[in-house]
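This report concerns only the one structure given below.
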Amino acid sequence: MKKFFSANRGSLFTLLVLILMPFIVGLFDGASPATVFVNGSGQAKFIEGLAIEIFILAVYAISFDLIFGITGLLSFGHSMFFAVGAYLTGIAIKSFGYSLLPTLGLIFVGAVVQALLFALVLPRVKGITFALVTLGLGSVFHILVMSSEMGKYTGSDVGLQGVIVPDFISPANERLRFYFVMLVVMILVYLIYQRFVNSPTGRVCVAIRENEGRARMLGYNTFYFKLAALTLSSLTAALAGFFHTLYQPIVSPNVAGMGFTVTALLIILIGGVGTLNGAFVGAVMYRLLDYGLRRYIGESASFINGAIYVLFVLFIPYGIVGTWRLRSFEIKQGWERLLKLFGQ
Amino acid sequence: MNSFLRKNFIVIIAFAVMAAFLIAAAQGMEKKDFVITLLRGLAVGSITFLVASGFSLIFGLLDVLNLAHGTLFMIGAYIGWTVVVRPDTFVDLLTPLALIASGFALGDVYPLLASRIRLGSSMRRILPWALILVSLLIFWRILPRYPIAIWDVENYGQSPVTFAFMADSGTRLPVLPAAFTEVTMSSALIGLLLASIVIAFGISLFDTSPRTVKLTWKNFIWFAVALIVAIVGVVFNNAMTDYLFGLNSNWLFFVAVVVATLSGVVLGGLMEATLIRPLYSRPIYQLMLTLGMSAIGIEMVRAIWGRPEFVMSKPEFFNGGGEACPATNFADWWANHCSTILFLDGRVRVYNEIFIPLVGLVVLVSIWILLQRTRLGMIIRAGVQDREMVEALGINIRRVFTMVFALGVGLAALGGVLAAPSSGLSNAMGESLFLNALIALAIGGLTNYPGAALGSVIVGMIQQFIIKYGQIGIPIPFTDIVFKPTPPLVPASTVMLMVIILLILPNGLLGKKE
Numbered sequence: 001m002k003k004f005f006s007a008n009r010g011s012l013f014t015l016l017v018l019i020l021m022p023f024i025v026g027l028f029d030g031a032s033p034a035t036v037f038v039n040g041s042g043q044a045k046f047i048e049g050l051a052i053e054i055f056i057l058a059v060y061a062i063s064f065d066l067i068f069g070i071t072g073l074l075s076f077g078h079s080m081f082f083a084v085g086a087y088l089t090g091i092a093i094k095s096f097g098y099s100l101l102p103t104l105g106l107i108f109v110g111a112v113v114q115a116l117l118f119a120l121v122l123p124r125v126k127g128i129t130f131a132l133v134t135l136g137l138g139s140v141f142h143i144l145v146m147s148s149e150m151g152k153y154t155g156s157d158v159g160l161q162g163v164i165v166p167d168f169i170s171p172a173n174e175r176l177r178f179y180f181v182m183l184v185v186m187i188l189v190y191l192i193y194q195r196f197v198n199s200p201t202g203r204v205c206v207a208i209r210e211n212e213g214r215a216r217m218l219g220y221n222t223f224y225f226k227l228a229a230l231t232l233s234s235l236t237a238a239l240a241g242f243f244h245t246l247y248q249p250i251v252s253p254n255v256a257g258m259g260f261t262v263t264a265l266l267i268i269l270i271g272g273v274g275t276l277n278g279a280f281v282g283a284v285m286y287r288l289l290d291y292g293l294r295r296y297i298g299e300s301a302s303f304i305n306g307a308i309y310v311l312f313v314l315f316i317p318y319g320i321v322g323t324w325r326l327r328s329f330e331i332k333q334g335w336e337r338l339l340k341l342f343g344q
Numbered sequence: 345m346n347s348f349l350r351k352n353f354i355v356i357i358a359f360a361v362m363a364a365f366l367i368a369a370a371q372g373m374e375k376k377d378f379v380i381t382l383l384r385g386l387a388v389g390s391i392t393f394l395v396a397s398g399f400s401l402i403f404g405l406l407d408v409l410n411l412a413h414g415t416l417f418m419i420g421a422y423i424g425w426t427v428v429v430r431p432d433t434f435v436d437l438l439t440p441l442a443l444i445a446s447g448f449a450l451g452d453v454y455p456l457l458a459s460r461i462r463l464g465s466s467m468r469r470i471l472p473w474a475l476i477l478v479s480l481l482i483f484w485r486i487l488p489r490y491p492i493a494i495w496d497v498e499n500y501g502q503s504p505v506t507f508a509f510m511a512d513s514g515t516r517l518p519v520l521p522a523a524f525t526e527v528t529m530s531s532a533l534i535g536l537l538l539a540s541i542v543i544a545f546g547i548s549l550f551d552t553s554p555r556t557v558k559l560t561w562k563n564f565i566w567f568a569v570a571l572i573v574a575i576v577g578v579v580f581n582n583a584m585t586d587y588l589f590g591l592n593s594n595w596l597f598f599v600a601v602v603v604a605t606l607s608g609v610v611l612g613g614l615m616e617a618t619l620i621r622p623l624y625s626r627p628i629y630q631l632m633l634t635l636g637m638s639a640i641g642i643e644m645v646r647a648i649w650g651r652p653e654f655v656m657s658k659p660e661f662f663n664g665g666g667e668a669c670p671a672t673n674f675a676d677w678w679a680n681h682c683s684t685i686l687f688l689d690g691r692v693r694v695y696n697e698i699f700i701p702l703v704g705l706v707v708l709v710s711i712w713i714l715l716q717r718t719r720l721g722m723i724i725r726a727g728v729q730d731r732e733m734v735e736a737l738g739i740n741i742r743r744v745f746t747m748v749f750a751l752g753v754g755l756a757a758l759g760g761v762l763a764a765p766s767s768g769l770s771n772a773m774g775e776s777l778f779l780n781a782l783i784a785l786a787i788g789g790l791t792n793y794p795g796a797a798l799g800s801v802i803v804g805m806i807q808q809f810i811i812k813y814g815q816i817g818i819p820i821p822f823t824d825i826v827f828k829p830t831p832p833l834v835p836a837s838t839v840m841l842m843v844i845i846l847l848i849l850p851n852g853l854l855g856k857k858e
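Protein chains in written order, with the numbering used here: chain X, 1 to 344; chain A, 345 to 858.
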């Protein structure tokens, strides 16, 4: 037990901070924990909203990290995974009046089906060609969502709106509950991913990234391992899309576009490609940067976003978490030296 | 013959299916519609080809997927527009750009200078950063105050949209020449020159590998050229502006094409040398870098030229009107320079549907000759096959890389400036065209040069035929229903074709099997 605590000090501390955060922010704002608990309006509610968006982005980014960072498949159609979840949820609730659990079942079926669709092209094309084919599949879905024929269901280029969210989880009145649900979902996803990557299956996925020919030579049928990673990734991304639809008033068709795949790429690049908790760090950095820049600079925010992206690629290629892991020894030494300096 | 058939079985079937589609498409419409649609398809295909060919050359030799290619296409278009509508901006920009470049033109001299300086190791580490900081401060002082006659994106009366509109109707807004006010001319010029030399020296200090340099007059040629350009740009500023403003629109368009292509070449060379080169060992990161570059490029275009769309006017040579138009035969057209010509009863726009495909053909042939008949082309073809072997034979392949990257971006910029009068300028023109080019390459074979041309033409044709059938409708046999393809089907059809072809032939129609 003691060993468990000392090994996971950082994660447990982060978890504690995340649990207490709404109340602490409320205290700074002058609202008592009771007010925060009944979702009184104020700074705490706003921060909860921002955090929910970050959690959704983190779940989406971690799903991209699994197929790009761990398995080494570059897919440019990843936003489709997210958008299928988001749109299926919206259509099922709005047009067919499903309740939440059947909707969840439906998007799981949808996610598995689209993973199989991507798997159809897997054995035929590799590398750049795989990226192009997935880009093609993704843009066909984007065009489908935008087309006027589907407008009755998807709202074409305006976006899907008017999804009625059940009261017990409504983001307007029960935001604190939504916050904790999303936090739990994110942690569960992270634990499952951690388990997957450390399992024998996940090890083979890493081997496929490093050298597919060698993994094949060792007797693994790499197709099944790629399919497993793809399915898990698709399920997770669709789950993120599910919560996106519940949280946002409008599902914009942009989430099906190429730009949203680039967002995932940017997030895991900031956090560190192939490090699972990098997705969370990256999502925090990305969302806060985006929010801050848009607030203080305005329209040209994406210029600075692009510049940060380029600087990261050139100078911090392993991302924040990756660099931390590489340098952790040096950082620890420097820290101790600093402590000694003050101690004397 | 028999073995050829057996080997290329699928490819032949693919061509047969496409030919059957073309014939079927011809049955459904009148002859004049068919001819016009065919020509339009060729025009779209030519522009796509200009982007796709550069992209495929770069990908073939350097293994870099340059996702910023569409953005560079757009930048070419905007630069061309600037030269046509505001030549004074172009002239004003000559001097500062030449001065900034002049310091870097002295590249070979700095190691000699550095070897004379004896410094401690910590000073040696600080010095380059200090030099760069100093020169950036000077740039920051001078560059915003340097007078450049430019439009005002915020003010509608002075915005690019208004300038474009006035230029299209044949008049010009009065343009005031910019003058030195906050800085004196000599201090600005000398400051820029000094800052450029200091920053180039600072950057060269990072490279500590020992080199022996023999100074001859050759090391100073480019420096001298840059200085002369800068001085000419300052002294003859007004004379050059007046000359360009007085120029006939055909010549101005020609100057615009040349300037846009050259700036594409320079941009490409700079991009390869500074950003792409450090990342050859990490290909995925190059891809992400070009993605970031494309986002930055779009934002820069938005900041400089604004968001609204506008058009660039066609040169007079293709823009005639009046009684005799549309021309019925070639001699008639030559006499009046009509904007349209009657061809098999269809009105064909000369610039869009005849001139652009002709340029595309010329580029196709000249690049083909470059690849097949010159030494550089031989090195490129060899490099596509086996890069290490070429390097082992003692050829400086890094320099060839830079040249090919510059050539590819130059081709994209050429495509941009040619497309500007026919399709107009907008912030989104790069992305949509780039997707087309990518599809064309995937269809034709990613690194295959004839494949790029074939794929581009196929993509252009399919899109134009579907647009045309969207107007006239396809009667479905045995029913009364007339099917009209909707606009979203235009991109969707080519994307679906790409996916199908890649699934059957993962290397494209003409790509070689690995």
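Glycine is no exception: its CB is placed at the ideal position from the N, C-alpha and C atoms. These numbers come from a predicted model, not from an experiment.
Open item on the list: So for residue 117(X), helix, strand or coil by DSSP?
Closed with: Residue state, collapsed to three classes: helix.
Open item on the list: Does any residue of chain A have a CB that is nearer than 8 Å to the CB of residue 186(X)?
Closed with: With 8 Å as the cut-off, residue 186(X) does not count as an interface residue toward chain A.
Open item on the list: Going by DSSP in three states, residue 5(X) sits in which element: helix, strand or coil?
Closed with: Residue state, collapsed to three classes: helix.
Task: Status (buried if at least 16 other CB within 10 Å, exposed otherwise) for residue 815(A) - done: It counts as exposed.
TODO: Pull up the distance between the alpha-carbon of residue 290(X) and that of residue 254(X), whole angstroms please.
DONE: Going by the C-alpha atoms only, they are around 16 Å apart.
TODO: Give the straight-line distance between the Cα atoms of residue 678(A) and residue 269(X), rounded to the nearest whole angstrom.
DONE: When rounded, the distance between both Cα atoms is 58 Å.
Open item on the list: For chain X, check one thing: does any of its Cβ atoms lie closer than 8 Å to the Cβ of residue 759(A)?
Closed with: At a cut-off of 8 Å, the C-beta of residue 759(A) has no neighbouring C-beta in chain X.
Task: Reference residue 318(X); option with closest CA among 333(X), 267(X), 339(X) and 336(X) - done: Checked all of 333(X), 267(X), 339(X) and 336(X); the closest Cα to residue 318(X) is 267(X).
Task: Close-in-space but distant-in-sequence residues of the same chain around residue 766(A) (CB under 6 Å, 5 per side omitted) - done: Taken in chain order, the residues that qualify are 696.
- [ ] Evaluate the contact criterion for the stretch 255 to 265 of chain X versus the stretch 57 to 77 of chain X: three or more CB pairs, one atom per stretch, below 8 Å.
- [x] Enough Cβ pairs lie closer than 8 Å, so yes.
Task: Reduced DSSP category for residue 739(A) - H, G, I as helix; E, B as strand; rest coil - done: Of the three classes helix, strand and coil, the one that applies to residue 739(A) here is coil, per DSSP.
Task: Contact under 8 Å by Cβ, residue 800(A) with residue 389(A) - done: Yes, the pair counts as a contact, with Cβ atoms nearer than the cut-off.
Open item on the list: When you compare the CB positions of residue 747(A) and residue 787(A), do they come within less than 8 Å of one another, or not?
Closed with: Pairing residue 747(A) with residue 787(A) gives a Cβ-Cβ distance that is not under 8 Å.
- [ ] For the beta strand (DSSP E) containing residue 912(A), list its first residue and its last residue.
- [x] The structure shown has nothing for residue 912(A), since chain A only spans 345 to 858.
Task: For residue 654(A), the three-state DSSP class (helix, strand or coil) - done: Secondary structure of residue 654(A) (DSSP, three-state): strand.
TODO: Return the first residue and the last residue of the beta strand (DSSP E) that residue 692(A) is part of.
DONE: Counting along the chain, the beta strand (DSSP E) containing residue 692(A) begins and ends at 690 to 693.
Task: Chain-ordered chain X contacts of residue 412(A) [CB-CB under 7 Å] - done: Near residue 412(A) there are no residues of chain X at all, since even the closest Cβ is about 10 Å away, more than 7 Å.
Open item on the list: Whole angstroms are fine: how far does the CA of residue 221(X) sit from the CA of residue 78(X)?
Closed with: Going by the C-alpha atoms only, they are around 24 Å apart.
Open item on the list: Does the CB of residue 124(X) have a neighbour CB from chain A at under 8 Å?
Closed with: Cβ-Cβ to chain A under 8 Å: yes for residue 124(X).
TODO: Starting from the Cα of residue 239(X), find the closest Cα among 276(X), 286(X), 16(X) and 181(X) and give me that residue.
DONE: For residue 239(X), the nearest C-alpha among the options comes from 181(X).
- [ ] Would you list, in sequence order, the uninterrupted alpha helix (DSSP H) runs of no fewer than 4 residues that lie entirely inside the stretch 188 to 214 of chain X?
- [x] For the stretch 188 to 214 of chain X, whole alpha helix (DSSP H) runs of length 4 or above, ordered along the chain, are 200 to 210.
TODO: Give the C-beta separation of residue 850(A) and residue 129(X) to the nearest angstrom, bearing in mind that I take them to be a contact with Cβ-Cβ under 8 Å.
DONE: The distance from the Cβ of residue 850(A) to that of residue 129(X) is about 6 Å, consistent with a contact at the 8 Å cut-off.
Task: CB contact flag (residue 609(A), residue 750(A), <8 Å) - done: A distance below 8 Å separates the beta carbons of residue 609(A) and residue 750(A).
- [ ] Please classify residue 497(A): does DSSP put it in a helix, a strand, or coil?
- [x] DSSP places residue 497(A) in coil when its eight states are reduced to three.
Task: Interface positions of the stretch 136 to 152 of chain X facing chain A (Cβ-Cβ less than 8 Å), listed along the chain - done: Result list: 136, 137, 139, 140, 143, 144, 146, 147, 148 and 149.
Open item on the list: Which residues does DSSP list as the beta-bridge partners of residue 502(A)?
Closed with: DSSP links residue 502(A) through a beta bridge to no other residue.
- [ ] Output, in chain order, the set of chain A residues within a Cβ distance shorter than 8 Å of residue 61(X).
- [x] Simply none; closest approach about 14 Å.
Task: Contact set between residue 305(X) and chain A, taken where Cβ atoms lie within less than 8 Å - done: In chain order: 639.
TODO: Sort 702(A), 817(A) and 431(A) by Cα distance to residue 590(A) and report the nearest one.
DONE: The shortest C-alpha separation from residue 590(A) is found at 431(A).
TODO: Below 6 Å CB to CB, which residues in the same chain sit around residue 744(A) once its five sequence neighbours on both sides are set aside?
DONE: Closer than 6 Å at the Cβ level, and outside the excluded window around residue 744(A), lie 723.
TODO: Measure the Cβ-Cβ separation of residue 755(A) and residue 531(A) and say whether it is below 8 Å.
DONE: For the 8 Å CB-CB criterion, residue 755(A) and residue 531(A) do not form a contact.
Task: Selection from 829(A), 757(A) and 641(A) that minimises the alpha carbon distance to residue 399(A) - done: Of 829(A), 757(A) and 641(A), the residue nearest in Cα terms is 757(A).
TODO: Quick one: which residues of the stretch 621 to 638 of chain A get their C-beta closer than 9 Å to a C-beta of chain B? List them in chain order.
DONE: Absent from the structure: chain B. Protein chains present are X and A.
Task: Neighbour-count burial assignment, residue 718(A), 16 or more Cβ in a 10 Å radius - done: It is exposed - the Cβ of residue 718(A) has fewer than 16 other Cβ atoms within 10 Å.
TODO: Check whether the Cβ atoms of residue 443(A) and residue 366(A) sit closer than 8 Å, and answer yes or no.
DONE: No. Outside cutoff.
TODO: Kindly confirm or deny that the stretch 34 to 47 of chain X and the stretch 103 to 110 of chain X touch, where touching means at least three C-beta pairs closer than 8 Å.
DONE: The stretch 34 to 47 of chain X is not in contact with the stretch 103 to 110 of chain X.
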